[in-house]
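Encoded as C-alpha cells, the structure appears first; notes follow it.
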Amino acid sequence: MDADKWELQLRKGIIELVIMLLVSKKPLYGYQITQTLNNIPQLQISDGSIYPILKRLEKNKWLYSFWEETERGGPRRKYYELTNIGEEVLSERFNIFNQSVEVVNSLKGDE
Amino acid sequence: MSYSNINEYISDLKKYLNNVSNKEKNSFLNEIEAHLIEKINELKKKNLSDDIATREVLANFENPEKLAQEYINENYDNDPFKNSTSIYLINSGLVGLGFLAISIVRGEFDWASITLGTLLILTFLIVLFTKKIWNPIEIRTLSLNLKIFLFLHVPVSTLLFWIAAKMNNGIVMFSLYYIIIYWFVLSIFALIVKIKLNKIKYE
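Taken in order, these protein sequences are the chains called A and B.
Residue numbers for the first sequence follow this note's numbering, beginning at 1 and rising by one.
Residue numbers for the second sequence follow this note's numbering, beginning at 1001 and rising by one.
Pasting the structure below:
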C-alpha cells in the first residue's frame, strides 16, 4: 500500500528528529547520515534528499557545519553538529514526541 | 534521463536551482558532488569500474529536478498569501510605469495617473532596497520585470505615442518630449533592477 500523506509527514518529522539526534552525539557528514538512516528500514530516504533538510536545519541555526579535508585525496566532507539552540529544540521535540506517544497509548488502552 | 558523469548531473541540478543565490547554490552543489564522489569511490572499492560505478550511483540518486524542488520547498516560505503579496509588491513598479505612460497618449500631464504611478514605483523601490531575503519565486519575478520593462513598456509607449499622433493628425510635441524622458526613466529602472539582481544572485 502506498504511504499516505499522514505517514509521509510523520516519517519526515521522525527523520528530522533522528538527524538532530545523530549529530548531537558527534559531527557527521551527509553521506554518513544517509547511510545510517538507510540501514533502518523505517527511516530509508532517497539518496540526496537529506541535503535540503540539512540546509534548512542549518538555516534555522539548529545545526552548525564545517568542511574538512579527507585523507588519501577523497572528497572534502561537510560535517554537521548540533548547536546550543538545536539542543534545546531537540529536547523540546523529544518531550512533544514522548507526550504524544503516551497520549495515544493511553487512549488506545481505554478502548 | 540517465547520466554518465557527475558534471552532467550537477549541471542539470544547477539549472533547476537557477533562481537560488549563487553562494547558497554552490554550497549545496559542492555537497552533492562530494556525496556522489564518496559513493562512487565506495563502489569502486567493490571492484566496479569507474564508469559503471558512476552510472549506478547517478541512476539511484534523486532526480535533479525533484531534488531542486525539495530544496526550494524545504528552504523557502511556501505560504501562498505571503508569496502573492510580495509578488504584487515587486510587480508594483511595472504597473506604476504603465500608469506613467498614460500622459503620452493624453498629450498633456495626466496628474492622477502620474501620482498613482509614482506611488507604485516608490513602493517597488522601497521593497527593492529594503528586502533582505529573496526567495526563488521573487527572484524569478524580478528577472521577468527586467524583460517586461524593455519588451513591453517600450513598444506600448511607442504605440501610445503613435495613437496620440494619429488622434492629433501629427506629432504632439509634449508626447515626444515625454516619451524621451519616459524611456530614460525605463532605462534607469532596468539598470537598477539589473544591478540589484546581480547583487542578489552573486552575494
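In this text, a Cβ means the ideal position worked out from N, Cα and C, and glycines have one as well.
These numbers come from a predicted model, not from an experiment.
My guess is that A:L37 and A:V23 are in contact by the Cβ rule of under 8 Å, so how many angstroms apart are they, rounded? Their Cβ separation, rounded to whole angstroms, is 12 Å, which puts A:L37 and A:V23 out of contact at 8 Å.
I need the DSSP call for B:F1149, collapsed to helix, strand or coil. helix
Decide if A:W62 is buried, meaning its Cβ has at least 16 other Cβ atoms within 10 Å, or exposed. buried
Do three or more CB pairs link the segment 89-100 of chain A to the segment 1158-1176 of chain B at distances below 8 Å? no
Based on DSSP bridge pairs, tell me the residues matched to A:S65. A:Y80
Extent of the continuous alpha helix (DSSP H) to which B:Y1182 belongs: 1173-1202
Since A:I53 meets chain B, which of its residues come closer than 8 Å, beta carbon to beta carbon? E1074
Residue environment, B:Y1088, which counts as buried when at least 16 other CB atoms sit within 10 Å: exposed
Per DSSP, cross-strand counterpart(s) of B:F1061: A:D47
Alpha carbon to alpha carbon, how far is B:P1155 from A:Y31? Give it in angstroms, no decimals. 53 Å
For A:L28, which of helix, strand or coil comes out of DSSP? strand
Does A:G30 have its Cβ less than 8 Å from a Cβ in chain B? yes
How is the alpha helix (DSSP H) around A:T70 delimited, first residue to last? Taken as a continuous stretch (DSSP letters only), A:T70 belongs to no alpha helix (DSSP H), as it is neither H nor E.
Compare the beta carbon distance of A:P75 and B:I1037 with 8 Å and say whether it is the shorter of the two. yes
Kindly indicate if chain B contains any beta-carbon less than 8 Å away from that of A:K26. no
Meets three-Cβ-pair contact criterion under 8 Å: the segment 1099-1114 of chain B and the segment 1048-1062 of chain B: no
If B:Y1177 sits next to B:L1100, beta carbons under 8 Å apart, how far is it from one beta carbon to the other, in whole angstroms? No, B:Y1177 and B:L1100 are not in contact; Cβ-Cβ is about 14 Å, not under 8 Å.
Give the residues of chain B in contact with A:R76, contact being defined as C-beta atoms less than 7 Å apart. A1034
Beta-carbon contacts of B:I1102 that lie in its chain and below 7 Å, excluding the five residues immediately before and after: D1110, S1113
Tell me the DSSP secondary structure of A:V18 in three-state form. helix
A:E88 versus A:F94: straight-line alpha-carbon distance, rounded: 10 Å
Over the uninterrupted alpha helix (DSSP H) stretch that includes B:N1026, give me the two end residues. 1022-1045
For A:T83, which of A:K12, A:R11, A:K25 has the nearest alpha-carbon? A:K25
Report the residue ranges of all alpha helix (DSSP H) runs contained in full by the segment 1087-1120 of chain B; include only those spanning at least 4 residues, in chain order. 1102-1106
Could you spell out the range, first to last residue, of the alpha helix (DSSP H) harbouring B:S1157? 1154-1167
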